[in-house]
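Under this note's numbering, think of the first position of the sequence shown as 407, with each following residue one higher. Worksheet: one structure, shown below.
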Amino acid sequence: MKKQNSLTRKLRIIMPIVAITITIAVAPLDLLPIWLAPLPDTVQEQVDDAVEQGLDGIIVYVDQAGRPPQVYTAGWKNKMTKEPANPHAFFRIGSISKLYIATAVAKLVNNRSLSLDKTLEDYLPNLAGRIEYTDQITLRMLVQHRSGIPNFTDDEAWDWFASQTDINKALELVLDEPADFEPDARTSYSNTNYLLLGRILDNVLGYSHHEYIAEEILAPLGLTNTYSLLSQVEYDSVASGYWYEYDDDLRQLDHVIPGGSMIATAEDVGLFLRALNDGSLLNNDEQATYSSIYKYGHTGWVPGYHSIARYHEDIDTVVVQFVNTTGGDTWGTANIIGGKATGLSGIIYNRIVRILRRQ
Numbered sequence: 407m408k409k410q411n412s413l414t415r416k417l418r419i420i421m422p423i424v425a426i427t428i429t430i431a432v433a434p435l436d437l438l439p440i441w442l443a444p445l446p447d448t449v450q451e452q453v454d455d456a457v458e459q460g461l462d463g464i465i466v467y468v469d470q471a472g473r474p475p476q477v478y479t480a481g482w483k484n485k486m487t488k489e490p491a492n493p494h495a496f497f498r499i500g501s502i503s504k505l506y507i508a509t510a511v512a513k514l515v516n517n518r519s520l521s522l523d524k525t526l527e528d529y530l531p532n533l534a535g536r537i538e539y540t541d542q543i544t545l546r547m548l549v550q551h552r553s554g555i556p557n558f559t560d561d562e563a564w565d566w567f568a569s570q571t572d573i574n575k576a577l578e579l580v581l582d583e584p585a586d587f588e589p590d591a592r593t594s595y596s597n598t599n600y601l602l603l604g605r606i607l608d609n610v611l612g613y614s615h616h617e618y619i620a621e622e623i624l625a626p627l628g629l630t631n632t633y634s635l636l637s638q639v640e641y642d643s644v645a646s647g648y649w650y651e652y653d654d655d656l657r658q659l660d661h662v663i664p665g666g667s668m669i670a671t672a673e674d675v676g677l678f679l680r681a682l683n684d685g686s687l688l689n690n691d692e693q694a695t696y697s698s699i700y701k702y703g704h705t706g707w708v709p710g711y712h713s714i715a716r717y718h719e720d721i722d723t724v725v726v727q728f729v730n731t732t733g734g735d736t737w738g739t740a741n742i743i744g745g746k747a748t749g750l751s752g753i754i755y756n757r758i759v760r761i762l763r764r765q
């Protein structure tokens with residue numbers, strides 16, 4: 407049996423190193439044969455090969471215009487009980503959650519509940535003096551990751567391998583810290599921006615933004631398999647998550663912080679993404695606002711779960727990929743012969759899109 411019950415302790419030591427090196431890593435040579443290999447004939451063959459290459463489980467949802475959506479699976483939902491990958495399993499989608507928050511912002515801007523030009527100080531005056539430039543950071547900058555506010559998950563005290571259910575404690579990691587840069591000087595991804603957006607939405611609405619997303623975004627699309635928090639779904643319905651070459655099930659780790667907390671099936675994410683891109687979710691004014699503030703696809707990561715959700719306009723196709731393995735060469739931005747892929751998971755995703763383009 408592989409090493410068990412030692413993963414969390416070991417990864418708490420190596421994760422700070424990984425966080426630094428992953429952004430500059432060159433793709434390991436053992437990934438090059440996978441990247442260079444001839445494409446198989448079908449998506450299912452590629453999905454099967456992904457498990458052969460070391461992923462514990464994979465779910466791929468494909469919605470091609472003019473064809474019924476297809477879901478492909480391989481590997482395990484729970485490898486300890488030998489339960490095969492389930493196309494309807496819930497998955498922790500990490501930062502794909504940010505698409506839903508950005509959508510909520512676009513809707514609330516258009517009904518005049520929010521203003522993109524109002525500042526962080528306008529919405530959260532109690533943070534004046536605790537975060538730099540609160541009188542200059544606008545709502546638009548928060549959505550677009552142009553605030554300069556440090557990313558709380560980059561702090562050495564942040565522990566990915568413990569449940570994170572205290573939003574105030576996460577925010578405390580960046581309070582009274584210098585800004586990374588002056589507002590709107592550049593773009594730099596910061597989870598703190600969406601933590602703050604969640605708080606702003608709650609205050610403006612007078613109730614949880616999770617409820618707003620459920621009522622105003624999910625319900626109109628009939629998305630009954632998308633939730634804001636792990637606690638809202640049956641535990642056994644969630645796919646297990648693993649770190650490469652360990653058996654420890656990371657499913658029990660709970661992350662409730664806005665912008666990374668949502669749970670969904672691949673189909674529900676695909677339906678949302680299609681609606682976001684084809685204009686059936688937002689009215690014309692809301693769509694124009696959304697287009698001006700955020701992107702139309704995203705990746706997500708929490709320990710044990712890596713997800714990619716993108717719309718490919720050239721083939722009018724939505725492709726959502728869920729992988730329940732992180733660590734090793736399975737994730738992380740890596741340069742491959744001048745291009746970019748997100749470790750093994752990203753290479754598999756890109757190959758699937760190439761197969762679809764060839765059809």
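Ideal Cβ placement from N, Cα and C applies to all residues, glycine included.
On the DSSP bridge assignment, give the partners of residue i in chain order.
i       : result
Ala-393 : In the structure as shown, the chain starts at 407 and stops at 765, and residue 393 therefore has no counterpart that could be examined.
His-704 : Ala-715
Glu-578 : BP columns for Glu-578 are empty, so no partner.
Phe-728 : Ile-465 and Ser-713
Return the chain-ordered list of same chain residues with a C-beta closer than 7 Å to the C-beta of residue i, the five sequence neighbours on each side being excluded.
i       : result
Arg-757 : Leu-445 and Gln-452
Val-759 : His-718 and Val-725
Leu-677 : Leu-627 and Leu-629
Met-547 : Ser-553, Pro-589 and Asp-590
Ala-563 : Leu-579
Ala-585 : Glu-538, Tyr-539, Gly-554 and Ile-555
If I measure Cβ to Cβ from residue i and keep anything under 6 Å in the same chain, skipping five residues before and after, which residues do I get?
i       : result
Leu-687 : Ala-681
Ser-751 : His-712, Val-729, Thr-736 and Trp-737
Lys-575 : none
Leu-526 : Thr-540 and Ile-543
Gln-476 : Val-468
Met-668 : Ile-499, Ser-503 and Ser-634
Gly-734 : Tyr-650
Ile-714 : Thr-705, Gln-727 and Tyr-755
Ala-512 : Glu-692, Thr-695 and Tyr-696
Asp-462 : Gly-481, Trp-482, Lys-485, Tyr-648, Asn-730 and Thr-731
Leu-514 : Leu-520
I'd like the span of the beta strand (DSSP E) that includes residue i, first residue to last.
i       : result
Ile-714 : 711 to 718
Asp-565 : Premise fails: Asp-565 is in no beta strand (DSSP E) and is neither H nor E.
Ile-663 : No beta strand (DSSP E) contains Ile-663, which DSSP labels as neither H nor E.
Ile-464 : 463 to 470
Does residue i come out as helix, strand or coil in the three-state DSSP assignment?
i       : result
Glu-651 : coil
Glu-583 : coil
Ile-499 : coil
Glu-621 : helix
Ala-443 : coil
Asn-484 : strand
Ala-510 : helix
Ala-491 : coil
Ile-537 : strand
Gln-765 : coil
Gln-459 : coil
From which residue to which residue does the alpha helix (DSSP H) around residue i run?
i       : result
Tyr-681 : Residue 681 is actually Ala in this sequence, not Tyr. 672 to 684 is the extent of the alpha helix (DSSP H) around Ala-681.
Thr-598 : 597 to 611
Enumerate in chain order the residues of its own chain whose CB-to-CB distance from residue i is below 8 Å, with the five nearest sequence positions on each side excluded.
i       : result
Asp-436 : Asp-735
Phe-497 : Ile-465, Val-644, Ala-645, Ile-669, Ala-670, Thr-671, Ala-672, Tyr-711, Ser-713, Phe-728 and Asn-730
Residue i: beta carbon under 8 Å from a heavy atom of the ligand MG?
i       : result
Glu-692 : Among the ligands in the structure shown, none appear at all, so the ligand MG cannot be discussed.
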